[in-house]
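This note's numbering numbers the first residue of the sequence shown as 385 and each following residue consecutively.
Virtual Cβ for every residue (Gly too), placed ideally from N, Cα, C.
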Amino acid sequence: MKCPNCSQSLPAQALFCGACGQAVAPPVLAPAQLRPLVDPPEVVRPETVTAEPVGVTEHIACDECGAVMSVSDIFCGDCGRVSSTVSAAFSSARDTDSVTESILSTSPEHPVDGAAAPRLRGPESTIDSRTVRAPAPAPAPSAAGDAHDAQSTGIASAGAQGERFVLQFSTGESVTVSGTGLVGRNPVSEPGEYFDDLVRVLDSTRSVSKTHLEFGQQAGVFWVADRYSGNGTIVREPDRPGIRCEPGKRQIVSRGGRVVIGEQFFVVS
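Written out as structure tokens, the structure reads:
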């Protein structure tokens, strides 16, 4: 290379001219192109295949007006009629029998490969049919028998309700009961329990528990049982000392007896 100032010949690696001292710019080399170590994968593009109608010429005539149409036309440009090639493609009916047969062949009622469908068996009877006899016809009921049955039924239903007892509370309430029940400020039965009556006591002192005691009767005898109340339950019979009830244990109460619940009480009559 040469010095740009004095045209003195200089070596290729010289930075300054030895004759005039002019700075010499190094030659600019073109950057080398880096070649990738791995060739990029070749992209294979699918070939576009244009389906051509088989057995159809390039031009057809309209069935309505006879105008010349292209095969790709859907409607006639003169009269607007649908091309015969399009109507032929959609006019073929679907074979529903083949669809029905395929569905039936895979359904549980028609198993594949001729396998027998499972048979549902009902409960087998253990009674021999030879020992079963037809019941004898019942005699026709008479009028007197109907009256007797009605009277018996009425007595039985009345007896099923049990004896009636009147509970007279010190707060002024009076309740007539004939079955089982709960007594308290807001009595609530436990899950799975059923009672005929829920007797609510209006106690402003809150000495009565929400569910204080349970009552019922057996063979016409009234009884109470404490339901783990806060102040307990005491039974006072006439001319007898009071008995404190054990929680969950029944205590018999005769007519005229008094049941003390907290600061309140009720008399059984």
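Residue burial is scored here from C-beta neighbours: Ile645 has at least 16 other C-beta atoms within 10 angstroms and is therefore classed as buried. Apart from the 5 residues on each side of it in sequence, Glu621 sits with its Cβ closer than 7 angstroms to the Cβ of Ser638 and Gly641 in its chain, given in chain order. Residue range Val605 to Asp610 is occupied by the beta strand (DSSP E) that includes Ala609. Around the beta carbon of Arg569, 16 or more other beta carbons lie within 10 angstroms, which makes this residue buried. Exclusion of the five residues before and after Phe400 leaves Gln406, Ala407 and Val408 as the residues of its chain whose Cβ lies within less than 8 angstroms of its Cβ. Rounded to whole angstroms, the separation of the alpha carbons of Trp607 and Ile618 is 12 angstroms.
Residue pairing from DSSP places Lys386 in a beta bridge opposite Ser393. If you ignore the 5 residues before and after Glu442, its C-beta comes within less than 8 angstroms of the C-beta of Ser454 and Val455, all in its own chain and listed in chain order. Of the other Cβ atoms in all chains shown, fewer than 16 fall within 10 Å of the Cβ of Phe459; this residue is therefore exposed.
Checking the DSSP bridge columns, you'll see His443 partnered with Ser454. Comparing alpha carbon positions, the residue from Lys386, Arg590, Pro625 and Thr564 closest to Gly604 is Thr564. Take Val550, set aside five residues on each side of it, and the residues of its chain with a beta-carbon closer than 6 angstroms to its own are Thr560 and Ser653, in chain order. The beta carbons of Leu597 and Val567 sit closer together than 8 angstroms. Contact between Ser467 and Asp457 is confirmed by a C-beta separation of about 6 angstroms, below the 8 angstroms threshold. Contact check for Gly616 and Arg628: beta-carbon distance about 6 angstroms, within the 8 angstroms limit, so the pair qualifies. DSSP, read as helix, strand or coil, puts Ser558 in strand.
By the 16-neighbour rule on beta-carbons within 10 angstroms, Thr555 is exposed.
Non-local beta-carbon contacts of Lys633 in its own chain, meaning distances under 7 angstroms to residues more than five positions away in sequence, involve Ala609 in chain order.
Put simply, of Gln635, Pro575, Ser588 and Thr595 the residue whose alpha carbon is nearest the alpha carbon of Gln602 is Gln635. Listed in chain order, the non-local C-beta contacts of Asp462 below 8 angstroms within the same chain comprise Cys446, Cys449 and Ala451, local neighbours out to five positions each way being set aside. Under a 10 Å Cβ-count criterion, Thr595 is classified as buried, with 16 or more other Cβ atoms of the shown protein chains found around its own Cβ.
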